[in-house]
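There are 2 protein chains.
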Amino acid sequence: MLQYQAQPLDLAFQALSDPGRRAMVERLSRGPASVSELAEPLPMTLSAVVQHLKILEEAGLVSSRKTGRVRTCTLEIAAMTKVESWIAERKRFWNQQYDQLETYLSENSQEESH
Amino acid sequence: MLQYQAQPLDLAFQALSDPGRRAMVERLSRGPASVSELAEPLPMTLSAVVQHLKILEEAGLVSSRKTGRVRTCTLEIAAMTKVESWIAERKRFWNQQYDQLETYLSENSQEESH
DNA sequence: TTGATACTGTAGCATTGACTTAAGTATTGA
DNA sequence: TCAATACTTAAGTCAATGCTACAGTATCAA
Numbered sequence: 024m025l026q027y028q029a030q031p032l033d034l035a036f037q038a039l040s041d042p043g044r045r046a047m048v049e050r051l052s053r054g055p056a057s058v059s060e061l062a063e064p065l066p067m068t069l070s071a072v073v074q075h076l077k078i079l080e081e082a083g084l085v086s087s088r089k090t091g092r093v094r095t096c097t098l099e100i101a102a103m104t105k106v107e108s109w110i111a112e113r114k115r116f117w118n119q120q121y122d123q124l125e126t127y128l129s130e131n132s133q134e135e136s137h
Numbered sequence: 024m025l026q027y028q029a030q031p032l033d034l035a036f037q038a039l040s041d042p043g044r045r046a047m048v049e050r051l052s053r054g055p056a057s058v059s060e061l062a063e064p065l066p067m068t069l070s071a072v073v074q075h076l077k078i079l080e081e082a083g084l085v086s087s088r089k090t091g092r093v094r095t096c097t098l099e100i101a102a103m104t105k106v107e108s109w110i111a112e113r114k115r116f117w118n119q120q121y122d123q124l125e126t127y128l129s130e131n132s133q134e135e136s137h
């Protein structure tokens, strides 16, 4: 780890790096679900799912609320957007320097061609 | 791990989950760089950077080519887009069900209000 | 040809991560 | 009240990660 104090983005990327947790996010993108509902399609114990859930919640990607004995989980779209934006930013930078190269090439094409 | 045969998306999310590797991606989004240039701002040995680089390459996020004794690394925007798209998809699903709820609420507001 | 540069590759090691099992605690429904 | 349900928490295990150190190899420059 580069920084000892984990940044929000760190936690989010970290959380999404596990296929099981991404499966949970996929499920939650279709609507809220209970812990058992999240666990149902996954090849692991309820206990493991609860642990994954905690990681998703700490990353801000999921929030949950307990009513009676059922905990209902919801996807937090804002955290998803933050991750999306980080990537979009990198792409923007990359396209910028690519455009600059194209500009350079078109401006110097006559002089540079033999 | 949920699946033994790692899917491309797995590798990409996995690769981006490390702050050091994300720093390398940030650097490469501003243009190609040599291994030493990538290593320069990072608080780790060249050896560690090479190992991170391998992970980024296996995830398809970075490509590199050696000329003489210098390896030049480039960001692969297509892989970045795949990650971005996965998140965009989840957001789309989430918005869909949210819209459906709103539609339901507005359609039933007269009957449901006391 | 010789020393510096720019990696490359491997071994080892401490930590973290992804589980399971097992033993709880509230809630609910009969 | 009492069993089933829906989690919750704590160990403990074992593999994967993120390093470092160290020993190369292949250029390049003088």
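Chains as they are written, first to last, in this note's numbering: chain P, 24 to 137; chain C, 24 to 137. Note that beta-carbon positions come from the ideal geometry of N, C-alpha and C, so glycine has one too. Since we're looking at a predicted model, the values are computed, not measured.
Give a yes or no on whether 7 Å exceeds the smallest Cβ distance from residue 28(P) to chain C. In this prediction, residue 28(P) has a pLDDT of 49, which is less than 50 and means its spatial position is unreliable; nothing more can be read from the coordinates.
In three-state terms, what does DSSP make of residue 68(P)? coil
Please determine, among 43(C), 52(C), 117(C) and 93(C), the residue with the shortest C-alpha to C-alpha distance to residue 118(P). Nearest of 43(C), 52(C), 117(C) and 93(C) to residue 118(P), Cα basis: 52(C).
Looking only at C-alpha atoms, which of 32(P), 65(P) and 30(P) sits nearest to residue 47(P)? 65(P)
Compile a chain-ordered list of the residues in the region 60-82 of chain C whose CB is closer than 9 Å to at least one CB of chain P. 65, 66 and 67
Please list, in chain order, the chain P residues whose beta carbon lies closer than 8 Å to that of residue 107(C). 107, 110, 111 and 114
Within 10 angstroms of the Cβ of residue 130(P), are there 16 or more other Cβ atoms? Answer buried if so, exposed if not. Under this definition residue 130(P) is an exposed residue.
Would you say residue 98(P) lies against chain C (beta-carbon separation less than 7 Å)? yes
If you run the structure through DSSP and keep just helix, strand and coil, what is residue 88(P)? strand
Should residue 34(P) be flagged as near chain C, meaning a C-beta pair shorter than 7 Å? no
Limits of the beta strand (DSSP E) - the one that residue 94(P) falls within: 93-98
With DSSP as the reference, please indicate the residues paired to residue 56(P) in a beta bridge. 96(P)
Sort 36(C), 42(C), 88(C) and 32(C) by Cα distance to residue 57(C) and report the nearest one. For residue 57(C), the nearest C-alpha among the options comes from 88(C).
Supposed close pair residue 106(P), residue 97(P) - CB separation, criterion 8 Å: 17 Å between Cβ atoms; not a contact.
Within 10 angstroms of the Cβ of residue 115(C), are there 16 or more other Cβ atoms? Answer buried if so, exposed if not. Flag for residue 115(C) reads exposed.
Would you report the Cα separation of residue 71(P) and residue 45(C), rounded to the nearest angstrom? 28 Å
In chain order, what residues of the same chain lie with their CB nearer than 8 Å to the CB of residue 136(C), ignoring the 5 residues before and after it? The predicted position of residue 136(C) is uncertain, since its pLDDT is 42 and thus under 50; no value can be drawn from it.
Residues within the region 47-58 of chain P neighbouring chain C, beta-carbon criterion of under 7 Å: 48, 49, 52, 53 and 54
Run through chain C and tell me which residues come within less than 7 Å of residue 39(P), C-beta to C-beta. 36
Taking the alpha helix (DSSP H) that residue 37(C) belongs to, which residues open and close that run? 31-39
Please state whether DSSP places residue 125(C) in a helix, a strand or coil. helix
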